[in-house]
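A.B. asks: Residues in the sequence shown are numbered from 1446 upward in steps of one, following our numbering.
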Amino acid sequence: MKTKVVLNFNPELANQPITHNLIAKHHLMVNILRAEIDEIGGKMVLELSGKADDIRRGIDYLKHNGVGVRPIKEGVRRDDDVCTHCGMCVSICPTKALAYDPKTGKITFTEEKCVACGVCIDACPPRAMEILI
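What follows is the structure, given as structure tokens:
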């Protein structure tokens, strides 16, 4: 099972081995998709992989230790009414979540591949991409 979550840290937790404990104590694979942490706290976007019970226990551990946890169903959204299918986002997308479909001549967006890195946001001339985290 996989799930994506946004973690919010207060200053007291910024220097704690939170992600290490998710891996070591809760048997989870952790993919850090985005992180902004400094001495005043911060935010991380993680993809957690493991057994459903381990993920649940890991999330309970985070909440018990004062970490704000918010599950995300999507990290980036494309407004299809605004997208001009120019392709500026395709070459810079590191996970190929955005791809050119030669059959339709349009850009496809596969949310499951998206890691919410945000690179497409700045590259999109009509501003059709929006980050939701």
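We put the CB at the ideal spot given by N, CA and C, even for glycine.
Predicted, not measured: the structure shown is a model, and the values here were computed from it.
Does the segment 1470-1480 come close enough to the segment 1500-1511 to have 3 or more Cβ pairs within less than 8 Å?
C.D. replies: yes
A.B. asks: Which same chain residues, not among the five before or five after E1484, have their C-beta less than 7 Å away from its C-beta?
C.D. replies: Spatial neighbours of E1484 in its own chain (CB-CB distance under 7 Å, excluding positions within 5 residues in sequence) are listed in chain order as P1456, A1459.
A.B. asks: Thinking just about the alpha-carbon of each residue, which of V1450, E1481, G1532, K1541 is nearest to the one in S1494?
C.D. replies: V1450
A.B. asks: Quick check: what's the CA-CA separation for I1517 versus V1475?
C.D. replies: Between I1517 and V1475, the C-alpha separation is close to 15 Å.
A.B. asks: With a cut-off of 8 Å on the beta carbons, I'd call G1513 and L1452 a contact; round off their distance for me.
C.D. replies: 7 Å
A.B. asks: Look up P1516 in the DSSP assignment and say whether it is helix, strand or coil.
C.D. replies: It is a strand residue.
A.B. asks: According to DSSP, is I1485 part of a helix, a strand, or is it coil?
C.D. replies: coil
A.B. asks: At 3 residues or longer, and completely inside the segment 1498-1559: list those beta strand (DSSP E) runs for me, N to C.
C.D. replies: 1513-1517, 1521-1523, 1543-1546, 1551-1554
A.B. asks: If we call anything under 8 Å between Cβ atoms a contact, is C1534 one with I1552?
C.D. replies: yes
A.B. asks: Give me the DSSP bridge partner(s) of T1464.
C.D. replies: None, per the DSSP bridge assignment.
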